[in-house]
Each structure stands twice: as C-alpha cells, then as structure tokens.
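Engineer:
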DNA sequence: CGATAAAGTGAGCAAATGCTCATGTTCTAC
DNA sequence: GTAGAACATGAGCATTTGCTCACTTTATCG
C-alpha cells in the first residue's frame, strides 16, 4: 500500500475526475464484477499506477462515487424541503418525492449499479444519509400534523414511511412501468404516505 | 463444458443437496464474491469435479437456490391466500403479509445474500414470481372491493402496492428495527395498503 | 538554472478463480 | 461375475484480478 495521496495540482484533480467518470461508465456497462481497476484505468486513458495513487482500493473508487452522488442528492433534497415547508402538506410531500425521483434519475447509471450490483456489506441501504434526512423531515411533519401520536407509534410509522418512500422512488426512477405516468405514481405515493401516516389504525 | 447431468442415483441427489446447503452457508458468510466454486465444494465435502457434473456454472448453483426458495415461498403464499379469501379484507391482507414475512425469514440467509450481494442483471426484482402471484391476489381484491376504479388506475395502484408490500416485508423480515414489534409493523402495512389502494386520490 | 517534489507510467507478480480431464470407484443389470 | 454406466476425485491449467515498484516526465520555486 503506497497510501492514497490527495491531488494538489489541477492536472491530477482532472485525472481523478476522469477516473470517476470512467468508473461510472464501466460500472454501468459491465457491472461491479466487471469493473476491474485495470479496465477503469484503460477506459480513463490513465495508467493503473496513477489510479492507485489516488485510490488505495477498488472499493474506494465506489465509495467516492457514492459520496459525490449522495452529496448531490442531498443538495437537491434539502433545497426542496426548505421550499416545501411553506406549502400545504400534500403539496410538500409531492414536491419532495418528485425532487427525489428526479435526483435519482439523474444518477441512474450509478444508482442502478449500486442497487443491484455492488455488495453493500452489512448495511442494506443504498443511501443511508438520504434516509436520515428524509426521516428528519418526516418527523417534523408528523409532529405538526399528528401530534396525538405517541413517540413509539410515530417511530414505527416513520420507519415504514422511509422504506416506502425510498423504495418507491427508486423504483419509479430506475425501473418505471410502461404506460403509467411517473407524476401520477408520485401522486399516489404522496397520498399513500399522508393517509397511512396521519390517519390509519 | 461437460454439460450438466441430472442426478439419478440417491447418492448423487444427496450430493446435490449438500452442495446447495454449502452454497447457502458460503453465500451467507462470505458473500457472492467470496463464494468460489472451490470453496463451495470443499465446504460441502465434495470435489470440484463433482460440483461441475451437476452445475454447469457458478451461477447455476444460485439459480437453483433461487428456484427452490421461490417454490417454498410460493407454497406458503398460495396456501395463505386460499385461506384468506374467506376472511374480512383487512384480516386477509394481514394474514398474507404475515405469511410472507415468516416465509422470507425462514430463508433469511439466502434472501439477504440475494437482496444485496447477487448481481441481478437486468431485472431488479429478487422474487419476480412472488410479485406476480401477489399482484394476481391484489387484482382480485381490487376487483371485488373497489370496482369503481378504471383499469389503468387499478394497474397503477397495484404496481405501487406490489413494490410497497414486497420491499416492506423484506425489510421487516431481514432488517427489523429494534424496539418495534413485527406484528405491529405488518398491521400498519396492511392499513397502508388497504387505505392507499381502496380510498386515496 | 537546478533541485525537489508531485504526477504519471506500465510491465509484471502473487494470488485467486472458474473450470477440465485423466483416473479411479461404486452402482446396476444381465 | 462382469460389462458398462453413473459417480466421484483433485491436481492443475488458463485466465483474470488487485496491486507494486522501479522508473520517467512535468510542475514549482529559490
């Protein structure tokens, strides 16, 4: 292990970007197993040695991809949430979900690979930070619109809602059914979440 | 490729079973990448050559595991459904979901590996047949309890419901949250599905 | 310039993997 | 018993993978 170095010159920062782009492409076309460091390096027009100067490990490349992707989605999400607070609840939920779907769609290649190719190890979630952020939003939402719920009950419903929201948005974004409008699906999901959370039981 | 043969003697049928058991174990402990044919063979107390007599390919082992697992879940599910038709709708949904969760839990090791380790290729679903069966059940349910829905609208809701049901049951079965009763989660999910499907919009 | 550090190269190694095949063993049927 | 089929073995091959390292090139700065 030569140890990962940080790129300081512009030249090397560009190279890191080229490597990450190539990795995304290879991941999308050949899958995780087919994404060898040699292949990524070749595809990026870079030598393996250079790759290993900035990434100590094959999985570090993917970790970096995930980090950047998460940051992007989070940015979209927090912006949507800050705008949503002033809207009627149904519209708020709808806006957040729409934003999430769009954000996931813009990272389709990577997300697809992450969802069904990359080993996640122990944790079963592709976007833990996104889920946390969503949960935070939902918690506020529940506190103001269903204050009668006991904390334990609220937790259970939020847990469920997070699973539904994330899995549904992922499905709509990455594997949309033919002949059904995405917007309508988001609409239905928003209803489902609102009704299930606030009413129900 | 020597071509896969079918075991005809009892001896070889036992061996196939031993291989599949070993594969499940290895898959659970080392993951898909760590599941080499050599390791599976050793773990099963069998030679690699024998393994390749009955499985033409590493992935054929997994395909067989999936087939057997699916058959098992399907058996549970169809039985639960046939009993559920005579129940009030809420109880029916609850029973089916409970059965599904239990069935997935009994196959925890394999399911976990399938969900976040095994490359699924194009299709993003772990249990396509189960989803089809569930959709069939739901379609009947919708036809009798919400006949006012247009076909297209019904399709959209069934599509959503399948995603919610499967992903939620998988989550409850494989990654249950601490401190929340599984039964209560199933309860909430049943409400969610019932309300979202029949009312909503 | 000249010196030092950063950036970049690519042949190639050690280990692992999927899989074969020549050989040996056990079962079945006549 | 014995012929022939089914069954079982495991050394080992071809390929791939992740990764190193001795080396060259380029930038930075006094």
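Residue numbers (the working numbering), protein chains in the order written: chain A, 47 to 247; chain B, 47 to 247. In this text, a Cβ means the ideal position worked out from N, Cα and C, and glycines have one as well. The model shown is predicted, which means the values in this text are computed figures rather than measured ones.
Below 8 Å between beta carbons: does that hold for residue 133 of chain B and residue 206 of chain A?
Structural biologist: As a first step, residue 133 of chain B must be located in the second chain, where it is residue number 87. As a first step, residue 206 of chain A must be located in the first chain, where it is residue number 160. Contact flag unset, no.
Engineer: Would you mind reading off the limits of the alpha helix (DSSP H) that contains residue 197 of chain A?
Structural biologist: Against the first chain, residue 197 of chain A aligns to sequence position 151. 197-220 is the span of the alpha helix (DSSP H), which, as asked, contains residue 197 of chain A.
Engineer: Have a look at residue 138 of chain A and residue 127 of chain A and give me their C-alpha separation to the nearest angstrom.
Structural biologist: Within the first chain, numbered from 1, the residue matching residue 138 of chain A stands at position 92. Within the first chain, numbered from 1, the residue matching residue 127 of chain A stands at position 81. Distance between the alpha carbons of residue 138 of chain A and residue 127 of chain A: 8 Å.
Engineer: Could you list the residues in the region 206-221 of chain A with a C-beta less than 8 Å from some C-beta on chain B, going in chain order?
Structural biologist: Listed by position, the residues of the region 206-221 of chain A near chain B (Cβ gap below 8 Å) are 206, 209, 210, 213, 214, 217, 220 and 221.
Engineer: Pair every Cβ in the region 145-156 of chain B with every Cβ in the region 211-224 of chain B, then say whether three or more of these pairs are closer than 8 Å.
Structural biologist: The region 145-156 of chain B vs the region 211-224 of chain B: in contact.
Engineer: With the cut-off set at 8 Å, would you say residue 161 of chain B and residue 73 of chain B are in Cβ contact?
Structural biologist: To locate residue 161 of chain B, count along the second chain from 1; it is residue 115. To locate residue 73 of chain B, count along the second chain from 1; it is residue 27. Cβ atoms of residue 161 of chain B and residue 73 of chain B: not closer than 8 Å.
Engineer: DSSP three-state call for residue 103 of chain A: helix, strand or coil?
Structural biologist: By 1-based counting over the first chain, the position of residue 103 of chain A is 57. Coil at residue 103 of chain A, not helix or strand.
Engineer: Assuming the contact rule is C-beta atoms closer than 8 Å, residue 86 of chain B and residue 68 of chain B should be a hit. Round their C-beta distance to whole Å, please.
Structural biologist: The residue given as residue 86 of chain B occupies position 40 in the second chain. The residue given as residue 68 of chain B occupies position 22 in the second chain. Yes, they are in contact, since the Cβ atoms of residue 86 of chain B and residue 68 of chain B sit about 5 Å apart, within 8 Å.
Engineer: Within its chain, find whatever has a CB closer than 6 Å to the CB of residue 237 of chain B; leave out the 5 residues flanking it on each side and keep chain order.
Structural biologist: Here residue 237 of chain B is taken as the residue at index 191 of the second chain, counted from 1. Cβ within range, chain order: n/a, list empty.
Engineer: Relative to the ligand SAM, is the shortest distance from any of its heavy atoms to the C-beta of residue 112 of chain A smaller than 7 Å?
Structural biologist: As far as ligands go, the structure on display features none, and thus does not contain the ligand SAM.
Engineer: Cβ atoms of residue 120 of chain A and residue 92 of chain A: under 8 Å apart, would you say?
Structural biologist: As a working mapping, residue 92 of chain A is identified with position 46 in the first chain. As a working mapping, residue 120 of chain A is identified with position 74 in the first chain. Result no, Cβ atoms of residue 92 of chain A and residue 120 of chain A do not sit closer than 8 Å.
Engineer: What residues in the region 185-209 of chain B bring their beta carbon closer than 8 Å to a beta carbon of chain A?
Structural biologist: Per Cβ criterion, the list reads 198, 201, 202, 203, 205, 206 and 209.
Engineer: Smallest Cα separation from residue 115 of chain B: which of B/174, B/98 and B/186?
Structural biologist: Here residue 115 of chain B refers to the residue found at position 69 of the second chain. For residue 115 of chain B, the nearest C-alpha among the options comes from B/174.
Engineer: Of all Cβ atoms in chain B, is any one closer than 8 Å to the Cβ of residue 230 of chain A?
Structural biologist: As a first step, residue 230 of chain A is located in the first chain; it is residue number 184 there, counting from the start. Yes, residue 230 of chain A counts as interfacial toward chain B.
Engineer: Does the beta-carbon distance from residue 70 of chain A to residue 111 of chain A come in below 8 Å?
Structural biologist: The residue labelled residue 70 of chain A in the question sits at position 24 within the first chain. The residue labelled residue 111 of chain A in the question sits at position 65 within the first chain. Yes. Within cutoff.
Engineer: Could you tell me how far apart the beta carbons of residue 250 of chain A and residue 52 of chain A are, in whole angstroms, since I believe they sit closer than 8 Å?
Structural biologist: Residue 250 of chain A lies beyond the residue range present for chain A, which begins at 47 and ends at 247; the question has no answer from this structure.
Engineer: Using only the alpha-carbon positions, how far apart do residue 184 of chain B and residue 187 of chain A sit?
Structural biologist: In the second chain, residue 184 of chain B corresponds to position 138, counting from 1. In the first chain, residue 187 of chain A corresponds to position 141, counting from 1. Approximately 31 Å between the Cα atoms of the pair.
Engineer: Which one of A/118, A/201 and A/190 has the shortest CA to CA distance from residue 135 of chain A?
Structural biologist: As a first step, residue 135 of chain A is located in the first chain; it is residue number 89 there, counting from the start. The residue with the shortest Cα to Cα distance from residue 135 of chain A is A/190.
Engineer: Count the other CB atoms within 10 Å of the CB of residue 276 of chain A; is the residue buried (16 or more) or exposed (fewer)?
Structural biologist: As shown, chain A starts at 47 and ends at 247. That puts residue 276 of chain A outside it, with no answer to give.
Engineer: With the cut-off set at 8 Å, would you say residue 118 of chain B and residue 153 of chain B are in Cβ contact?
Structural biologist: In the second chain, the residue the question calls residue 118 of chain B occupies position 72. In the second chain, the residue the question calls residue 153 of chain B occupies position 107. Taking 8 Å as the Cβ cut-off, residue 118 of chain B and residue 153 of chain B qualify as a contacting pair.
Engineer: At a Cβ threshold of 8 Å, is residue 148 of chain A touching chain B?
Structural biologist: What you label residue 148 of chain A is simply residue 102 of the first chain in a count that begins at 1. No, residue 148 of chain A does not count as interfacial toward chain B.
Engineer: If you measure from the beta carbon of residue 108 of chain B to each beta carbon in chain A, is any gap under 8 Å?
Structural biologist: Numbered from 1 along the second chain, position 62 holds the residue referred to as residue 108 of chain B. Chain A, which has no Cβ nearer than 8 Å to the Cβ of residue 108 of chain B, makes this no.
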